[in-house]
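Working notes, beginning with the structure itself.
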Amino acid sequence: MPGQCREVAVTGLGVISPAGIGAQATWDGLLTGRSTAARDPELAGLPVDISCRVPDFDTAARVGRKAAWRLDRFVAMALLAARHAVADAGLGPTDWDAARVGVVMGTGTASMERYVGEFAKLAAGRPLDISPLAITRSVPNMAAAEIALDLTVTGPNFAVSTACASGSSALGVARDLLRAGTCDIVLAGGAESARHPIPAACFHRMGALSQRREDPAGACRPFDAGRDGFVLSEGAAVLVLEHPDHARARGARPRAHLAGYGASCDAYHYAAPEPDGRGAAAALTAALADAGLGPGDIDHINAHGTGTRRNDLAEAKALHTVFPEPPAVTSLKGALGHAIGAAGAIEAAVTVMSLQRDTIPPTANHEDLDLDIDLDIVAKVPRTTALSAAASLSIGFGGQNAALVFRSA
Amino acid sequence: MPTSTELITSTLTETFDLDPAEVTPERTFEDLGLDSLALVEMGLMLQERTGISLEDIPLTTTIGGLAALMDAQDADKALTAAPNSGT
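Note that the protein sequences, when read in sequence, are chains A and B.
All you need for my numbering is the position in the first sequence, starting with 1, plus 127.
All you need for my numbering is the position in the second sequence, starting with 1, plus 564.
Below, the structure is given as structure tokens:
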């Protein structure tokens, strides 16, 4: 049984994103520098009716009809990402002690996709017509639970929720299970499909969504002077995190190492980030210390970069607080939109691929840098540069922040 | 217009990935591997398709038995609806 360890191996990736189904498809899509945002028929009639959708995601076709009937979209995406990640890691049931395989999945809003229909039944005086599965389809823990059912893994299994930082927080908590020697393997990440009328109307009323409905592909503009909000998105990512002794014993070749995790809370406002980015800076500083690295060791930041006025400014201040000279920054949200609880996990997976390939994908739609931001934003085309360590930062409603530091394998 | 048996069969095969050859009138829902929640869910799907309300179907019900129940309810509904149909 492995003992305590400092950093853990990332041995597999599974990514389902609007850029494509699969980690490689997502990477290839990101390198084009193009946005995936488009008009969304499911949001027709709302003031903001654009989103980033995972293409060709038919639940029954993707995960099989045996389970599809009881799964909401975010759970089905989580399940497919987990299958991809386990296959990518070269793992199967004979390679693990199922009781020592954990699953930790983050989600922000969980799922509201069927609630409009269920509420309508209630309003029509038909409570007996409410589906007995309304809860089990939608509650946050079901992504992790369905992955366990699918793979028959019986270790610690739960959800983590820190709004838009959920995917990153889940990876950090999963890392702790490995570091403590509680698990040999943890499948961790995030899943979300919030592009439904209730979240879309809600985020619009909060002033968080881009209003560029006549130009969906140009809507989300991280760190750009003309940014006006994010685009709702969906997706899932699962990373196979493995105790280094376990990975070594089975001859697995890590893609990268998860070396540090830091978390904090602004304790400032229920929705807005602390304007100077103090909480985000604290999470980053803690992650660096946890990894035993200094600011000068970090070659690249995969930013939260939502494209809202407030987030990008606060995040830039956080980066300037932590780094005397902030390294090259990208935000995937210009291309992928904001997948809320899945975003941090998708961004972590892409950070791992960046380290493997010494390449930073561009920030879609970043054209004119906001002069108050003053960061080196990778834009228009990918940047090839030697990368030995990179950080991924996530910032959630509630002021909850999570930072991850990855090191090349 | 599909018969009740055909509606049940298509709901089961399309939703729960059952082999159509397995779905025969004498099989019970329990035989086919459904649990009680799946059965309630199937009842709601049938209700959406037919307007017939199906509550508390036991797992030991056969497909043929449920089809008969639906046909009987359908007939009741027709009888209830008839007096008003001309007004």
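The C-beta atom is built at its ideal place from N, Cα and C for all residues, glycine as well.
Local Cβ density within 10 Å of residue i, reported as buried at 16 or more and exposed below that
i, result
"residue 444/A", "buried"
"residue 342/A", "exposed"
"residue 233/A", "buried"
"residue 236/A", "buried"
"residue 269/A", "buried"
"residue 460/A", "buried"
"residue 599/B", "exposed"
"residue 433/A", "buried"
"residue 650/B", "Model confidence at residue 650/B stands at a pLDDT of 41, short of 50, so the residue's coordinates are unreliable; what they give is reported in the following sentence. With fewer than 16 other Cβ atoms within 10 Å, it is exposed."
"residue 508/A", "exposed"
"residue 453/A", "buried"
"residue 252/A", "exposed"
"residue 634/B", "buried"
"residue 163/A", "buried"
"residue 613/B", "exposed"
"residue 565/B", "exposed"
"residue 397/A", "exposed"
"residue 301/A", "buried"
"residue 573/B", "buried"
Which listed residue (the options) has its alpha carbon closest to that of residue i
i, options, result
"residue 409/A", "372/A, 351/A, 448/A and 282/A", "448/A"
"residue 502/A", "289/A, 450/A and 508/A", "450/A"
"residue 314/A", "363/A, 355/A, 348/A and 340/A", "363/A"
"residue 479/A", "146/A, 150/A, 129/A and 162/A", "150/A"
"residue 356/A", "316/A, 275/A, 506/A and 436/A", "436/A"
"residue 321/A", "499/A, 201/A, 196/A and 524/A", "201/A"
"residue 317/A", "465/A, 156/A, 400/A and 186/A", "465/A"
"residue 131/A", "304/A, 273/A, 191/A and 240/A", "304/A"
"residue 265/A", "187/A, 246/A and 239/A", "239/A"
"residue 175/A", "206/A, 335/A and 137/A", "335/A"
"residue 134/A", "494/A, 396/A, 369/A and 222/A", "369/A"
"residue 258/A", "196/A, 505/A, 488/A and 536/A", "196/A"
"residue 182/A", "426/A, 286/A and 360/A", "360/A"
"residue 156/A", "274/A, 179/A and 405/A", "179/A"
"residue 530/A", "210/A, 387/A and 330/A", "387/A"
"residue 425/A", "411/A, 516/A, 299/A and 333/A", "516/A"
"residue 455/A", "245/A, 159/A, 192/A and 350/A", "350/A"
CB contact below 9 Å: residue i versus chain A
i, result
"residue 587/B", "no"
"residue 571/B", "no"
"residue 605/B", "yes"
"residue 568/B", "no"
"residue 617/B", "yes"
Chain-ordered neighbours of residue i on chain A, where CB pairs are closer than 8 Å
i, result
"residue 580/B", "192, 193 and 196"
Where residue i meets chain A, residues with beta-carbon distance less than 7 Å
i, result
"residue 601/B", "259 and 260"
9 Å Cβ cutoff, residue i in contact with chain B
i, result
"residue 206/A", "no"
Closer than 7 Å at the beta carbon, the chain E residues around residue i
i, result
"residue 608/B", "Absent here is chain E; the protein component of the structure consists of chains A and B."
Exercise for review: Select from the segment 257–286 of chain A all residues with a C-beta closer than 9 Å to any C-beta belonging to chain B, and list them in chain order.
Suggested key: Flagged, chain order: 257, 258, 259, 260 and 263.
Review point. What residues in the segment 620–641 of chain B have a beta carbon less than 7 Å from any beta carbon of chain A?
Key: If the cut-off is 7 Å between Cβ atoms, the segment 620–641 of chain B has nothing near chain A.
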